[in-house]
Amino acid sequence: MRECSRSGCSRPAVATLTYVYAESTVVLGPLGPAHEPGSYDLCREHYGVMSAPRGWEVIRLPGVDDAPAITADDDLMALARAVREAGMLDDEVIPDSPVDPDPDSVRVVAQRGHLSVIVDSSAQPEPRPRHAGHRGH
2 MRECSRSGCS RPAVATLTYV YAESTVVLGP LGPAHEPGSY DLCREHYGVM SAPRGWEVIR
62 LPGVDDAPAI TADDDLMALA RAVREAGMLD DEVIPDSPVD PDPDSVRVVA QRGHLSVIVD
122 SSAQPEPRPR HAGHRGH
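With the working numbering, the residue at position 51 of the sequence shown is 52, and numbering never jumps.
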């Protein structure tokens, strides 16, 4: 059991605080599976009263009050799911499991270093809208 990082507090930790200096953001979320350098474990009381420096944003992730023990894989999958959901439109369907493309229909169209741009020729392309205005004189 990890204890609260606040000096003089020995209560059990229930949340992890991380500063994202580049974005002036404080992230408070469920207790991570292991202590990470630069993060702080907080008890329920200190989690509840935590505030950020002036001009900073505080992001409180769900799951602190009802958090079961999480494994590193569960934590990573939850983060991936949250990022995917945040990037999708309301009317898009979020698949429950990954879909592998047909390897014969995938081809590399460009490479730079270790990155590749690929195209799945079996996927139906969406029609492109025609734009009036620029005629390329």
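Using N, Cα and C, we set each Cβ at its ideal position, and we do this for glycine too. Being a predicted model, the structure only gives us computed values, none of them experimental.
Alpha-carbon to alpha-carbon, I60 and E37: Approximately 18 Å, taken between the alpha carbons.
V65 (DSSP reduced to helix, strand or coil): DSSP places V65 in coil when its eight states are reduced to three.
V50, enclosing alpha helix (DSSP H) - first and last residue: Taken as a continuous stretch (DSSP letters only), the alpha helix (DSSP H) holding V50 covers 45 to 50.
Simplified DSSP state of R3, which is helix, strand or coil: It is coil, neither helix nor strand.
Reduced DSSP category for R113 - H, G, I as helix; E, B as strand; rest coil: DSSP places R113 in strand when its eight states are reduced to three.
Status (buried if at least 16 other CB within 10 Å, exposed otherwise) for G30: It is buried - the Cβ of G30 has at least 16 other Cβ atoms within 10 Å.
Beta-carbon contacts of D103 that lie in its chain and below 6 Å, excluding the five residues immediately before and after: By the criterion of a C-beta distance shorter than 6 Å, D103 is surrounded in its chain by S123, once the five residues flanking it on both sides are discounted.
Three-state secondary structure (DSSP) of A16: Assignment of A16 by DSSP, reduced to helix, strand and coil, places it in the strand class.
Whole-Å CB distance - S11 paired with W57, under 8 Å assumed: The pair is not a contact, with the Cβ atoms about 28 Å apart (cut-off 8 Å).
Cβ neighbour criterion (16 or more within 10 Å) applied to H47: Counting Cβ neighbours within 10 Å, H47 comes out buried, since at least 16 surround it.
Residues that S123 bridges to, as DSSP identifies them: As DSSP reads the structure, S123 sits in no beta bridge.
8 Å Cβ cutoff met for T19 and L32: Cβ distance not < 8 Å, so T19 and L32 don't count as in contact.
Own chain residues within Cβ distance below 6 Å of Y41, not counting five before or after: Once the five neighbours on either side are set aside, the close Cβ partners of Y41 are S6, L18.
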